[in-house]
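As structure tokens, the structure follows; a few thoughts come after it.
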Amino acid sequence: MLTKRDLLKRGGAAGLILAAGSGAARAQAPEAGALQSMADGAEPISKAEHEARIAKAQTLMQAQGIRALIIEAGSALVYFTGLQWWRSERFTGVIIPQEGMPVVITPYFEEPSVRETVKADVDVRTWHENENPFALVAATLGDWGYEDGKLAIEETVRHFVSNGVAEAAPAFSLVSGMSVTRGVRMYKSPAEIALMQTANDITLAAYKHIYPRVELGMSQGDISAMMSDATRELGGAVEFSMVLLNEASAYPHGTRSPQTVREGSVILMDCGCGVHDYESDISRTWVFGEPTAKQREVWNTVKEGQELALETAQPGVRAGFVDETVRAFYEQKGYGPRYRTPGLSHRLGHGIGLDGHEPVNFVEGEDTPLAPGMCFSNEPGIYIFGEFGVRLEDCLYMTQDGPKLFSPFSKSIDAPFG
1 MLTKRDLLKR
11 GGAAGLILAA
21 GSGAARAQAP
31 EAGALQSMAD
41 GAEPISKAEH
51 EARIAKAQTL
61 MQAQGIRALI
71 IEAGSALVYF
81 TGLQWWRSER
91 FTGVIIPQEG
101 MPVVITPYFE
111 EPSVRETVKA
121 DVDVRTWHEN
131 ENPFALVAAT
141 LGDWGYEDGK
151 LAIEETVRHF
161 VSNGVAEAAP
171 AFSLVSGMSV
181 TRGVRMYKSP
191 AEIALMQTAN
201 DITLAAYKHI
211 YPRVELGMSQ
221 GDISAMMSDA
231 TRELGGAVEF
241 SMVLLNEASA
251 YPHGTRSPQT
261 VREGSVILMD
271 CGCGVHDYES
281 DISRTWVFGE
291 PTAKQREVWN
301 TVKEGQELAL
311 ETAQPGVRAG
321 FVDETVRAFY
331 EQKGYGPRYR
341 TPGLSHRLGH
351 GIGLDGHEPV
361 NFVEGEDTPL
371 APGMCFSNEP
381 GIYIFGEFGV
391 RLEDCLYMTQ
401 DGPKLFSPFS
411 KSIDAPFG
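Just so we're aligned: 395 in the UniProt record's numbering is position 395 of the sequence shown, and the numbers increase by one with no gaps anywhere.
Given below as structure tokens:
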């Protein structure tokens, strides 16, 4: 599945990042090179926390009668073991038994590199190029005394992996590992929240840095590069820096048509960075010059929806109800109905954490109740095809007392950063 990050890396959306300001604002721009890292004090996830995650997953597995959970390279592998790896035709992954020490399976020649990055206590077992890695998976299950039963597969595992396991261990019943992985990953710890806060602080600071530096004639790429450079100087790992100018702002991920800043341009930016792998996601929309009455009305309506979403997102409320409430409000204003344009054509928000998009979502029909530790984007928009669009996005985390914002809402179309 293509993510927003993938799309932007391929150049598929309108461009890359930030937008405009008045001549007066540009005159007040601080000197270039004045940025300092905001991530120096950020603490990565500890070994103890990785092992606590494994223990929680094992508790869930025992309750569900699952013998073991199989995870391949990707964010879930990072989440549980700290092992940073990439996906290829060679299987590297971890098997977490319902009790005991997990086992990492990897090619023989990769073992030194695996041991260099893994954080949790694990056993490492290797296979050679002329061997079947899934036979090693089956043998490992046998060593634990598991001869049959439910074997959970993490939800993003590729088919060749799950199929290889099924053929090598036919006595086992393969089931989705979603209830286990989501049952741990959806609820962020204070350490995760702290890293996400730093990432959001960096993204907002980068926005404020480049806002007064946007000039007439700049392209999407010009602005995006400026945003990415600022993000790196501030200590963030750039995930995406999208800028949609003019009519391109009417399409949530833009178009391939080149656009430049002109007087009256709508500038919609959607940017995020990572700090020790935890991500931010902030969108801002403004106008280069004086907004029209219609642009102002749409912007204000989107902001009302964002504020309504924050009020609605309370502990115990269905995640889908947040989307449904805002969508009903927009329909009262004449937009929609439902997901049609002019109106809000995408879900109201998505889960976020180690991945930029995680379960669950603020989307119609999602019944998962909101609970402390859950993190979401709150990103309503109104899109008018052929004209312009407005999106405002800030992320939040749930507490026992309700939602808390990682970044303050945009103040107005005239002063998007206060």
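Beta carbons are placed, not taken as given, at the ideal position from N, Cα and C, and that holds for glycine.
In this structure, residue 137 sits away from residue 114, with a CB-CB distance that is not shorter than 9 Å.
In terms of CA proximity to residue 371, 184 leads the group 140, 151, 201, 184. Of the candidates 362, 197, 180, the residue whose Cα lies closest to the Cα of residue 57 is 180. In the structure shown, residue 74 adopts coil according to DSSP, grouped into three states. Here residue 160 is exposed: its Cβ has fewer than 16 other Cβ atoms, across all protein chains shown, within 10 Å. DSSP lists 391 as the bridge partner or partners of residue 381. In the DSSP annotation of this structure, the continuous segment of the alpha helix (DSSP H) that includes residue 221 starts and ends at 220-233. Following the DSSP letters along the chain, one finds residue 329 in no beta strand (DSSP E) but inside the alpha helix (DSSP H) bounded by residues 319-332.
Put simply, of 346, 379, 390, 406 the residue whose alpha carbon is nearest the alpha carbon of residue 373 is 406.
In the DSSP assignment, residue 376 is bridged to 351, 396. The three-state reading of DSSP puts residue 183 in helix, counting H, G and I together. In the three-state scheme derived from DSSP, where H, G and I count as helix and E and B as strand, residue 370 is classed as coil. When Cβ pairs closer than 8 Å are counted between the two stretches, the region 263-281 is seen not to touch the region 306-316, the count staying below three. Fully contained in the region 123-175 are the following alpha helix (DSSP H) runs of length 4 or more, in chain order: 133-143, 159-168.
Distance from the CA of residue 126 to the CA of residue 71, rounded to the nearest whole angstrom, comes to 16 Å.
Comparing alpha carbon positions, the residue from 262, 221, 233, 234 closest to residue 254 is 221. Between residue 364 and residue 278 the beta-carbon gap is near 28 Å, outside 8 Å, which marks them as no contact.
In the three-state reduction of the DSSP assignment, residue 339 falls in the coil class. CA-CA distance, residue 134 to residue 99, rounds to 21 Å. The Cβ-Cβ distance between residue 252 and residue 345 falls below 9 Å. Between residue 68 and residue 96, the gap from beta carbon to beta carbon is short of 9 Å. The secondary-structure analysis by DSSP pairs residue 417 with nothing; it has no beta-bridge partner. For the pair residue 409 and residue 303, the CB atoms are nearer than the 9 Å cut-off.
Proximity of the region 210-217 to the region 72-84 falls short of the contact definition, fewer than three beta-carbon pairs being nearer than 8 Å.
Under the DSSP assignment, residue 270 falls in the beta strand (DSSP E) whose first and last residues are 266-275. For residue 282, the uninterrupted beta strand (DSSP E) run begins and ends at 282-287, by DSSP. The three-state reading of DSSP puts residue 203 in helix, counting H, G and I together. Here residue 252 is not bridged, per DSSP, to any residue. Inter-residue distance for residue 77 and residue 368 is about 24 Å (C-alpha atoms, whole angstroms). Within the DSSP bridge table, the entry for residue 279 names 274 as partners. In this chain, residue 358 is not harboured by any alpha helix (DSSP H); it is covered by the beta strand (DSSP E) spanning 358-362. Residue 303: member of the alpha helix (DSSP H) spanning 293-312, first to last residue. Residue 66 sits in a strand when the DSSP states are folded into three classes. With respect to the 9 Å criterion, residue 196 and residue 359 are not classified as neighbours on the basis of their beta carbons.
Under the DSSP assignment, residue 106 falls in the beta strand (DSSP E) whose first and last residues are 103-107. For residue 214, DSSP records no beta bridge to any residue.
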